[in-house]
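Engineer:
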Amino acid sequence: MQQLVTTMQGERVLLRPFQEGDAEESARVWTPELRHMYGGSATAAGRPTVESRRRRNEPITASGEHHFAIEADGRYIGFVGVKVNDEEQSARYRIGIANPNYWGRGYGTEVARLVLRYAFETLGLHRVHLKVAAYNVRARRCYEKSGFRVEGVLRQSFQVDGEWQDDVLMAILREE
Amino acid sequence: MSDAQVRLRPHTEADLPNYVTWLNDPEVTQFTQIESGGITLEGEREWFARVSAPDSNTRNWAIEVDGRHIGNCALHLDETGQVGGFGIIIGDKAQWCKGYGTAALREVLRIGFGEMNLQRIHLTALALNARGIRCYEKCGFRHEGLQRRQHLKRGKWCDVVCMGILREEWEADQCSNS
Numbered sequence: 378m379q380q381l382v383t384t385m386q387g388e389r390v391l392l393r394p395f396q397e398g399d400a401e402e403s404a405r406v407w408t409p410e411l412r413h414m415y416g417g418s419a420t421a422a423g424r425p426t427v428e429s430r431r432r433r434n435e436p437i438t439a440s441g442e443h444h445f446a447i448e449a450d451g452r453y454i455g456f457v458g459v460k461v462n463d464e465e466q467s468a469r470y471r472i473g474i475a476n477p478n479y480w481g482r483g484y485g486t487e488v489a490r491l492v493l494r495y496a497f498e499t500l501g502l503h504r505v506h507l508k509v510a511a512y513n514v515r516a517r518r519c520y521e522k523s524g525f526r527v528e529g530v531l532r533q534s535f536q537v538d539g540e541w542q543d544d545v546l547m548a549i550l551r552e553e
Numbered sequence: 002m003s004d005a006q007v008r009l010r011p012h013t014e015a016d017l018p019n020y021v022t023w024l025n026d027p028e029v030t031q032f033t034q035i036e037s038g039g040i041t042l043e044g045e046r047e048w049f050a051r052v053s054a055p056d057s058n059t060r061n062w063a064i065e066v067d068g069r070h071i072g073n074c075a076l077h078l079d080e081t082g083q084v085g086g087f088g089i090i091i092g093d094k095a096q097w098c099k100g101y102g103t104a105a106l107r108e109v110l111r112i113g114f115g116e117m118n119l120q121r122i123h124l125t126a127l128a129l130n131a132r133g134i135r136c137y138e139k140c141g142f143r144h145e146g147l148q149r150r151q152h153l154k155r156g157k158w159c160d161v162v163c164m165g166i167l168r169e170e171w172e173a174d175q176c177s178n179s
């Protein structure tokens with residue numbers, strides 16, 4: 378499926394294709410807390426290089442995932458995407474706001490509203506779902522505000538720094 | 002029926018013609034997330050090569066009852082090798098409702114927790130698969146979620162049930178059963 382729209386303008390955010398400079402900005406603002414939000418170690422050494430961010434952006438572009446870079450105040454702050462399953466007419470949602478200055482201020486909710494409208498109205502999907510680490514309370518609240526409902530908790534689904542952690546499954550249907 | 006009749010063995014290429022027959026039977030796949038039709042021996046051979054490769058994270062077993070091949074089951078490990086996803090099909094329809102699936106699953110749990118040292122085994126099932134879900138409950142799986150209208154089955158949206166069992170729960174079951 379072709380990406381039907383390449384940019385979307387919200388109140389404070391612009392969703393647009395990746396461009397030159399995004400990988401640099403993504404590597405610059407990266408913090409270990411970001412890795413932890415995705416179920417990675419909170420304490421391990423090492424941080425992504427510009428090259429690794431660029432390598433990450435390319436496959437996202439090639440995979441057929443509908444994705445956008447998130448821009449606010451004229452700068453790259455993260456990315457968002459929906460990976461469509463054509464047979465199921467559904468998609469998996471994922472978002473990463475890399476810049477900590479934009480956490481906890483409703484940016485994720487604004488992005489979700491734009492992307493959900495795109496998924497349901499432009500792509501005609503009937504369901505959008507996601508999986509989030511149970512301890513990522515801020516993200517869960519954002520998804521709930523955006524209309525996602527909790528569908529389940531996968532107990533001890535993955536390990537972080539030696540501790541087993543739960544995953545939460547959430548989804549929103551078109552009529553919701 | 003005793004569990005002793007049911008045996009798991011690594012599946013082989015010689016099992017593939019049975020898979021083709023079973024998976025192309027709409028009655029066999031009616032409660033599964035696989036759809037019948039278009040399953041070929043060629044396709045199954047490719048799949049077999051993939052899951053048999055040294056870097057494969059899947060373990061497949063043929064289910065035998067008194068030496069007769071009646072179905073297949075598998076564990077798909079995640080990238081850490083500590084969490085496994087379970088799948089099963091009893092293809093020989095004459096052998097349905099005899100508790101063989103339950104016996105096979107108990108053996109997979111023993112291998113998964115007892116030998117492979119997994120922490121968690123989980124599965125998904127169509128909500129309309131009442132018999133399967135009862136079997137999973139009997140074996141100690143707990144309901145963890147309901148994915149609403151997740152799967153399109155023969156033109157109808159179906160809810161998908163998520164279930165899981167943890168190592169501690171399985172170990173506790175072993176104590177209370179013995």
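These protein sequences, in sequence, are chains A and B. Here this note's numbering is used: the first residue of the first sequence is 378, the next is one more, and so on. Here this note's numbering is used: the first residue of the second sequence is 2, the next is one more, and so on. Every residue, glycine too, gets a C-beta built ideally from N, C-alpha and C.
Are the C-beta of R121/B and some C-beta of chain A separated by less than 7 Å?
Structural biologist: It does: the Cβ of R121/B has a partner Cβ on chain A nearer than 7 Å.
Engineer: Have a look at E388/A, L546/A and F535/A and flag the residue whose alpha-carbon is nearest the alpha-carbon of T81/B.
Structural biologist: The candidate whose alpha carbon is nearest that of T81/B is F535/A.
Engineer: Is DSSP giving L502/A helix, strand or coil here?
Structural biologist: Coil.
Engineer: By the three-class DSSP mapping on this structure, what secondary structure does D4/B have?
Structural biologist: A caution first: D4/B carries a pLDDT of 49, below 50, which makes its placement in the model too unreliable to give a value.
Engineer: What's the gap between the Cα of R412/A and the Cα of A419/A?
Structural biologist: Cα-Cα distance, rounded: 7 Å.
Engineer: Could you please give the first and the last residue of the uninterrupted beta strand (DSSP E) stretch that includes A468/A?
Structural biologist: S467 to I474 is the extent of the beta strand (DSSP E) around A468/A.
Engineer: Please tell me whether R424/A has its Cβ less than 7 Å away from any Cβ of chain B.
Structural biologist: So, not an interface residue.
Engineer: With 7 Å set as the bound, which would you pick, yes or no: does the beta-carbon of E528/A sit closer than that to a beta-carbon of chain B?
Structural biologist: By this cut-off, E528/A is an interface position.
Engineer: May I have the straight-line CA-CA distance separating L129/B from T486/A, to the nearest angstrom?
Structural biologist: If I take the Cα positions, the gap works out to 34 Å.
Engineer: Are three or more beta carbon pairs between the stretch 493-507 of chain A and the stretch 47-56 of chain B nearer than 8 Å?
Structural biologist: Contact between the stretch 493-507 of chain A and the stretch 47-56 of chain B is absent, because fewer than three Cβ pairs lie under 8 Å.
Engineer: Compare the C-beta of L507/A against all C-beta atoms of chain B and say whether one is closer than 7 Å.
Structural biologist: Taking Cβ atoms only, chain B never reaches closer than 7 Å to L507/A, which makes this a no.
Engineer: Quick one: which unbroken beta strand (DSSP E) runs of 3-plus residues sit fully inside the stretch 391-465 of chain A? Chain order, please.
Structural biologist: Counting whole runs of 3 or more residues, the stretch 391-465 of chain A contains the beta strand (DSSP E) stretches 443-449 and 452-462.
Engineer: Whole angstroms is fine: what's the gap from Y484/A's alpha carbon to T59/B's?
Structural biologist: If you take the alpha carbons of Y484/A and T59/B, they lie about 40 Å apart.
Engineer: Could you pull the start and end residues of the beta strand (DSSP E) that F535/A belongs to?
Structural biologist: It spans R526 to V537 - the beta strand (DSSP E) in which F535/A sits, taken as one unbroken run.
Engineer: Report the neighbours of E108/B on chain A: residues whose CB is nearer than 9 Å to its CB, in chain order.
Structural biologist: Ordered by position in chain A, no residue passes the 9 Å Cβ test against E108/B, which lies about 22 Å from the chain.
Engineer: Write down every uninterrupted run of the alpha helix (DSSP H) in the stretch 51-97 of chain B whose length is 4 residues or greater and which is fully enclosed by it, in chain order.
Structural biologist: Those alpha helix (DSSP H) runs which fall completely within the stretch 51-97 of chain B and span 4+ residues do not exist here.
Engineer: Does the beta carbon of R517/A come closer than 7 Å to any beta carbon on chain B?
Structural biologist: No, its Cβ sits nowhere closer than 7 Å to a Cβ of chain B.
Engineer: Report the option in V84/B, G92/B and Y101/B whose CA atom is closest to the CA atom of D67/B.
Structural biologist: Comparing Cα-Cα distances from D67/B to each of V84/B, G92/B and Y101/B, the minimum goes to Y101/B.
Engineer: Between which two residues does the alpha helix (DSSP H) holding A131/B run?
Structural biologist: Looking at the DSSP string, the run of the alpha helix (DSSP H) that includes A131/B is A131 to K139.
Engineer: What does a CB cutoff of less than 8 Å around G141/B pick up in its chain, not counting 5 residues either side in sequence?
Structural biologist: Once the five neighbours on either side are set aside, the close Cβ partners of G141/B are L110, I166, E170, W171 and D174.
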